[in-house]
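In the working numbering, each residue's number is its place in the sequence shown (first place is 1) plus 14. Where is the CB? At the ideal position from N, CA and C, for every residue including glycine. Bear in mind the structure is a predicted one, so any value in this text is a computation, not a measurement.
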Amino acid sequence: METEKKDILRGGQFLVKETNCEDVFTPEDFSEEQQMMRDSVIEFNDRKIIANRERFENKDYAFTEECMREAGEMGFLSVAVPEEYGGMGMGFVSTMLVCDYISSGTGSFSTAFGAHTGIGTMPITLYGTEEQKQKYVPKLASGEWFGAYCLTEPGAGSDANSGKTTAKLSDDGKHYLINGQKMWISNAGFCNMFIVFARIEDDKYITGFIVENNPENGITLGEEEHKLGIRASSTRQVFFNDTKVPVENMLSERGNGFKIAMNALNVGRIKLAAACLDSQRRITTTGVQYANERKQFKTPISEFGAIKSKIAEMATNAYVGESASYRAAKNIEDRIAIRLAEGNSHQEAELKGVEEYAIECSILKVAVSEDVQNCADEGIQIFGGMGFSEDTPMEAAWRDARIARIYEGTNEINRMLSVGMLVKKAMKGHVDLLGPAMAVKDELMGIPSFDIPDYSELFTEEKDMIAKLKKVFLMVAGAAVQKYGQDLEEHQQLMMAASNILIEIYMAESAILRTEKNAKRFGEDKQKEQIAMAKLYLFNAVETVKKNGMEGIISFSEGDEQKMMLMGLKRFTKYTNFPNVVDLRNTIAEKVKAENKYCF
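Laid out in structure tokens, this is it:
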């Protein structure tokens with residue numbers, strides 16, 4: 015396998031090691047099988063989901079369930095499930111692909127699909143015993159049964175381990191009796207099985223259980239929640255009153271629940287990013303089609319610079335999110351393959367493969383969920399007054415997008431996680447941050463070079479810029495870690511600023527590497543608009559890095575140290591040749607206008 019020969023970057027190492035464009039996977043690398051899978055998912059989404067948009071908006075929960083059954087019949091629920099449990103056993107990239115293209119019709123179906131295939135099924139495939147997997151996974155893979163995931167409680171949201179639900183061993187030692195209340199449970203109204211997290215005695219950590227949904231076993235459901243968006247996603251409270259669960263239905267071992275919850279969320283995060291991609295493509299397409307038709311002052315509004323700017327930024331963010339999501343997905347797939355080749359079990363390989371890239375999963379969750387919200391917001395703006403009306407699809411897209419920044423861990427939690435996990439990896443010696451951070455410090459003490467580099471080759475200046483942005487992160491985060499050590503986690507605003515820098519580096523670099531790879535194989539002339547998108551995104555990223563870098567530096571340093579770091583920030587965010595931003599936007603917008611759709 016060529017995977018083994020290639021030195022794959024470990025999670026977080028993108029910050030301190032250079033990646034060659036040949037080593038990143040891009041959507042242009044999809045195999046024939048993956049393209050066929052994508053086409054059949056698009057067909058299903060167009061025919062079943064998008065054609066029935068109003069039913070979802072009118073809270074037709076039964077229709078959501080019907081669509082899930084059909085998705086099961088078509089095999090879409092079983093892509094990630096190993097073949098021995100009735101699944102297709104496809105790789106991680108294919109799992110992302112299905113999630114990407116099936117999620118753009120409505121957030122209601124997208125949520126039902128994600129909750130079932132991700133946090134509803136996956137904990138059993140990754141942590142279940144052989145008996146548990148044989149018993150439950152084939153039913154879940156086929157859509158005969160649906161799964162739900164009961165973690166959140168009225169008092170336990172982001173602090174997931176603080177739940178009050180209890181599990182008490184029965185006197186005969188054959189059952190656990192579960193008591194408690196869970197809320198915001200997606201698919202609760204039609205699921206056959208819950209993954210429930212409860213605490214045994216005074217254990218420090220919660221424990222996971224597989225609980226069949228039987229109303230005669232002390233399980234009652236609250237009313238359907240009335241929500242801002244995802245209206246036909248069944249969301250209810252679930253109450254357990256002396257619910258008997260056989261001891262053999264404990265998932266993994268006692269006290270392992272928190273770990274299961276966190277690892278399930280890692281996979282959930284990158285798939286949530288995937289679930290926001292096609293929505294951006296579709297919103298951009300809907301927006302440009304309206305802008306090409308709508309005339310004001312006797313001119314299609316797509317001719318106006320203000321609208322072109324919106325179309326260009328929407329398309330750019332979609333392209334960049336896609337570039338970064340599939341780059342990380344392939345890294346995970348390769349890491350899983352290496353572990354399988356080393357003799358790990360499927361469970362171990364998959365768990366460790368995803369865990370390795372938990373930083374990237376958090377980065378993607380934050381970036382892409384925020385981009386889809388902005389995209390829908392600009393979509394409404396392009397439609398003007400009509401965008402605010404339920405007669406056009408934009409307002410529903412905007413409402414549905416809003417939840418993405420909250421579930422699978424809020425974006426605030428994920429921002430802090432990305433930096434916190436990176437610092438932990440550095441302390442364990444998995445990513446050498448200290449060496450490069452010291453090198454940046456030395457560089458700031460030294461005399462800067464005044465040579466003007468040769469930037470004639472494509473992306474040489476942009477890649478140089480990315481290398482400098484990495485230095486900003488190392489400078490700011492390095493100084494913060496030095497100052498606060500393990501207490502850095504108490505300084506949340508600093509961690510948020512550092513995280514914003516980290517996110518922009520990963521996203522901008524991913525877009526540049528994808529475009530460079532494609533320019534080399536298809537020719538620069540064929541990638542003109544993609545080159546413009548990579549450059550435009552980088553320009554915006556530099557501005558974000560400047561702002562957050564300055565906020566961090568002036569908030570934790572003073573005197574000479576502050577002066578030196580501010581000087582460094584200026585040096586590391588300085589272009590030799592500024593891009594013409596308006597030209598870049600016009601290049602992108604003209605292409606999207608001419609094609610009358612998102613076309614990259």
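Looking only at C-alpha atoms, which of L265, A278 and L583 sits nearest to T143?
When only C-alpha atoms are compared, the closest one is L265.
With 16 as the cutoff for other CB atoms within 10 Å, does Q507 come out buried or exposed?
exposed
Should Q146 go down as buried or exposed, given a rule of 16 or more other Cβ atoms within 10 Å for buried?
buried
Proximity to A363 [Cα-Cα], best of N345, I373, M88 and K62
N345
Cα separation between F553 and L598?
10 Å
Give the straight-line distance between the Cα atoms of N228 and Q541, rounded to the nearest whole angstrom.
56 Å
Can you find the residues in the same chain that come closer than 6 Å, C-beta to C-beta, to V382, ignoring five residues on each side of it along the sequence?
A287, C290 and G335
For Q395, report the span of its alpha helix (DSSP H) as first-last.
A372 to F397
Candidates F77, C81 and V55, of which the one nearest M110 by Cα
Taking the Cα of M110 as reference, the smallest distance to any Cα among F77, C81 and V55 is reached at V55.
Answer yes or no: does any C-beta atom of chain D fall closer than 8 Å to that of H130?
As a matter of chain content, chain D is missing from the structure shown, which is built from one protein chain.
So what's C205 in DSSP terms, helix, strand or just coil?
Coil.
Report the three-state DSSP secondary structure of S513 (helix, strand or coil).
helix
Whose C-beta lies closer than 6 Å to the C-beta of G401 among residues of the same chain, with five residues either side of it excluded?
I394 and M408
Does the region 348 to 358 come close enough to the region 544 to 551 that 3 or more CB-CB pairs lie under 8 Å?
no
When the Cα atoms are used, what is the spatial distance from I224 to A212?
11 Å
Run through DSSP, which three-state label would E18 get?
Low per-residue confidence applies at E18: pLDDT is 44, beneath 50, and the placement is therefore not dependable enough to give any value.
Cβ shell of N66 (< 7 Å), same chain only, five flanking positions each side left out:
F77
From A511 to A494, what does the alpha carbon distance come to, in whole angstroms?
11 Å
C-beta atoms of F70 and F123 nearer than 8 Å
yes
Pull up the distance between the alpha-carbon of F318 and that of K611, whole angstroms please.
Those two C-alpha atoms are separated by around 17 Å.
Distance between R341 and L354 (C-alpha atoms, nearest Å):
20 Å
Runs of 3 residues minimum, wholly inside the region 128 to 187: which ones carry the beta strand (DSSP E) assignment?
161 to 164 and 180 to 183
I believe L488 touches V559 by the beta-carbon criterion, under 8 Å. Please report the beta-carbon distance rounded to the nearest angstrom.
Rounded, the Cβ-Cβ distance is 12 Å, inconsistent with contact.
Got a sec? Which residues, its chain only, sit under 6 Å from P450 by beta carbon, not counting five neighbours each side?
V30 and L488
Assuming the contact rule is C-beta atoms closer than 8 Å, E167 and K196 should be a hit. Round their C-beta distance to whole Å, please.
6 Å
Close Cβ partners of A326 (< 6 Å) along its chain, the five nearest in sequence each way excluded
R599, I602 and A603
Helix, strand or coil: which one does DSSP assign to R250?
The answer is strand: DSSP assigns R250 an E or B state.
Got a sec, what are the start and stop residues for the beta strand (DSSP E) Y190 sits in?
For Y190, the uninterrupted beta strand (DSSP E) segment begins and ends at H189 to S200.
V437 vs G492 beta-carbon contact at 8 Å
One thing to note: V437 has its Cβ no nearer than 8 Å to the Cβ of G492.
How is P462 classed by DSSP in three states: helix, strand or coil?
coil
Using a 10 Å radius around the Cβ and a threshold of 16 neighbouring Cβ atoms, would you call D114 buried or exposed?
buried
Measuring CA to CA, which of Y551, I220 and S200 is closest to F473?
Y551
Where the alpha helix (DSSP H) containing F570 begins and where it ends:
K542 to F570
One or two residues paired with T298 in a DSSP bridge:
DSSP lists no partner for T298.
Classify K285 as buried or exposed, calling it buried when 16 or more other Cβ atoms lie within 10 Å of its own Cβ.
buried
Nearest-angstrom Cα separation, counted from K62 out to I244
17 Å
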